[in-house]
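Asks:
Have a look at this one:
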């Protein structure tokens, strides 16, 4: 057996109101440590569109893949993770829907989080977070300047993404890990923990973090990803 880091590609999947650059600090750390890393740029036009885009990137990789999803990206990896190259899933303050779930339905289980009040659609059905309210909604633990950079560069998600229903969830057959953000204003922390327990994650960690834990706590997020990668690498044949 081998712990060769090159046996596995880590694919980072961004969420709503984000893009691949939200993973900057995490990507730098993983690359510095010698892991193979790529980040998908999803269109955020609908759940199946984003699953298909992620699957295209999985297809392009040699060998096995570990998927890491943040926020809405968790729903994407739940669908895309059924690809036969995928051997594990890591959820970062993310949705982990069951079969037949929609993200809107998951939201309805509890009172709307405070960040939800700052989301509004445009004329084409794309959802935006109010620029001025973005820091307190999404990333209140980042320096104000960094938070505003995320605000002005946000990528809207079409409302279809919250109404589309999940098909077969990959976490039923693939091992998973989960990070809960205890100060999340976009997804209730109680809902995150509920999902983490439902998928029977191998490990659940809690961070004193906002929704943007990947940006505010990259060291801890990387540690969880690396733990998952090492666990999976130990089971892969030598390259």
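Residue numbers (my numbering): 47 to 285.
We put the CB at the ideal spot given by N, CA and C, even for glycine.
Taking the beta strand (DSSP E) that residue 134 belongs to, which residues open and close that run?
Replies: 132-138
Asks: If you drop the 5 nearest sequence neighbours on each side, which residues of the same chain put their C-beta closer than 6 Å to that of residue 127?
Replies: 113, 135, 216 and 220
Asks: Given a threshold of 16 other Cβ atoms within 10 Å of its Cβ, counted over all protein chains shown, does residue 47 qualify as buried or as exposed?
Replies: Caution is warranted here: a pLDDT of 35 is assigned to residue 47, below 50, making its placement in the model unreliable, and the coordinate value is therefore given only provisionally. Counting of Cβ neighbours within 10 angstroms places residue 47 among the exposed residues, the total staying below 16.
Asks: Taking the CB atoms as reference points, tell me whether residue 140 and residue 157 lie closer together than 9 Å.
Replies: no
Asks: Use the C-beta contact count for residue 143: other C-beta atoms within 10 angstroms, 16 or more gives buried, fewer gives exposed.
Replies: buried
Asks: Can you round the beta-carbon distance between residue 253 and residue 227 to whole angstroms, since I take them to be within the 8 Å contact cut?
Replies: 6 Å
Asks: Could you tell me whether the stretch 166-176 touches the stretch 143-154, using the rule of 3 or more Cβ pairs below 8 Å?
Replies: no
Asks: If we ignore side chains and look at the alpha-carbon of each, how far apart do residue 257 and residue 86 end up?
Replies: 19 Å
Asks: From this set, 218, 70 and 206, which residue's C-alpha is nearest residue 59's C-alpha?
Replies: 70
Asks: How big is the Cα-Cα spacing for residue 49 and residue 269?
Replies: Residue placement at residue 49 is flagged as unreliable, the pLDDT there being 48, under the threshold of 50; a coordinate-derived value is accordingly withheld.
Asks: Among residues of its own chain, excluding the 5 on either side of residue 185, which ones have a beta-carbon nearer than 8 Å to its beta-carbon?
Replies: Around residue 185: 192, 193, 196, 256, 257, 258, 261 and 262.
Asks: Use the C-beta contact count for residue 90: other C-beta atoms within 10 angstroms, 16 or more gives buried, fewer gives exposed.
Replies: buried
Asks: According to DSSP, is residue 55 part of a helix, a strand, or is it coil?
Replies: strand
Asks: Compute the Euclidean distance between the alpha carbons of residue 109 and residue 155, then round it to the nearest angstrom.
Replies: Their Cα atoms are separated by approximately 39 Å.
Asks: If distances are taken between C-alpha atoms only, which option among 237, 131, 111 and 88 comes closest to residue 62?
Replies: 88
Asks: Say the cut is 8 Å; is the CB of residue 68 nearer than that to a heavy atom of the ligand NAP?
Replies: Looking at this structure, you won't find the ligand NAP or any other ligand, since it has none at all.
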